[in-house]
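Chemist:
In my numbering, the protein residues as written are 1213 to 1451.
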């Protein structure tokens, strides 16, 4: 089949359970043979095995592929492709990636001082994520953990019910900070979260640089960018 030799490798497996014992024989990734002698097999399945020294690593057979019964044989040839999740999710080292804006939470100290102790307690308890706490010594409500805010606005709604006039200032103001957010990454185990984030930023930087370089070429040629013909480059999703 047609493929990029820089992005693929051929492997083969030819094993048989010819022992006399009736127990099953486990076939591991270490039993695979690569067509390229310069390629070293990665025969560990988790980070703990990765930390083993060579002597201990030789006792770790790697990732289990299948089990063979007495007299059974497994033989096949396979091709490993390098790819990205834009083409297929099997190449993604990430299970879930989410981000949420961090919250800026500001209390109106003047209005808060007008509340009774019971109202302050009620205000603190209105937040399901425990963003606020009540200091018994100073008898003041303070922002304890603004990062825990999920913008449910329960505290804002409660503050609205205590307004004497519609024009009164809000008891609390909660708004997202556009330039700050909390980024969460859950990985499959193929790469660590730190590796995923660093490599993703590096890829993004290269794509932006690629875009800038081509923009500069158009500009240097003296073309009117608004009238320049569009161009489509089929990169197969790798650029």
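For each residue, glycine too, the CB sits at the ideal point set by N, CA and C.
By the three-class DSSP mapping on this structure, what secondary structure does residue 1335 have?
Modeler: Helix.
Chemist: Return yes when the Cβ of residue 1353 is within less than 8 Å of the Cβ of residue 1317, no when it is not.
Modeler: The answer is no: Cβ separation not under 8 Å.
Chemist: Any idea which residues DSSP pairs residue 1308 with across the strands?
Modeler: The partner list for residue 1308 (beta bridge, DSSP) reads 1398.
Chemist: Which residues in the same chain have their Cβ closer than 6 Å to the Cβ of residue 1369, if we skip the five residues on either side of it in sequence?
Modeler: Correct list: empty, nothing qualifies.
Chemist: Between 1365, 1400, 1406 and 1397, which has its C-alpha nearest residue 1386's C-alpha?
Modeler: Residue 1365 is the option with its Cα nearest to residue 1386.
Chemist: Per DSSP, which residues does residue 1291 bridge with? Please list them.
Modeler: According to DSSP, which records beta bridges pairwise, residue 1291 is partnered with 1222.
Chemist: What is the rounded straight-line gap between the Cα of residue 1230 and the Cα of residue 1274?
Modeler: Distance between the alpha carbons of residue 1230 and residue 1274: 21 Å.
Chemist: With DSSP as the reference, identify every bridge partner of residue 1382, one or two as the case may be.
Modeler: In the DSSP output, where bridge partners are listed per residue, residue 1382 has none listed.
Chemist: Whose C-beta lies closer than 8 Å to the C-beta of residue 1333 among residues of the same chain, with five residues either side of it excluded?
Modeler: Answer for residue 1333: 1346, listed in chain order.
Chemist: Which partner residues does residue 1296 have in the DSSP bridge list?
Modeler: Beta-bridge pairing links residue 1296 to no other residue.
Chemist: Taking the continuous beta strand (DSSP E) assigned at residue 1369, which residues delimit it?
Modeler: Residue 1369 -> not in any beta strand (DSSP E); alpha helix (DSSP H) instead, spanning 1366-1373.
Chemist: Can you check whether the CB of residue 1244 is closer than 8 Å to the CB of residue 1221?
Modeler: Going by C-beta atoms, residue 1221 is not nearer than 8 Å to residue 1244.
Chemist: Leaving aside the five residues before and after residue 1290 along the sequence, list all residues of the same chain whose C-beta is less than 7 Å from its C-beta, in chain order.
Modeler: Counting only Cβ-Cβ distances below 7 Å, and skipping sequence neighbours, we find 1223.
Chemist: Note down, in chain order, each residue of its chain lying with its Cβ closer than 7 Å to the Cβ of residue 1157, except the 5 sequence neighbours on either side.
Modeler: Since the first residue of the chain shown is 1213 and the last is 1451, residue 1157 is not available in this structure.
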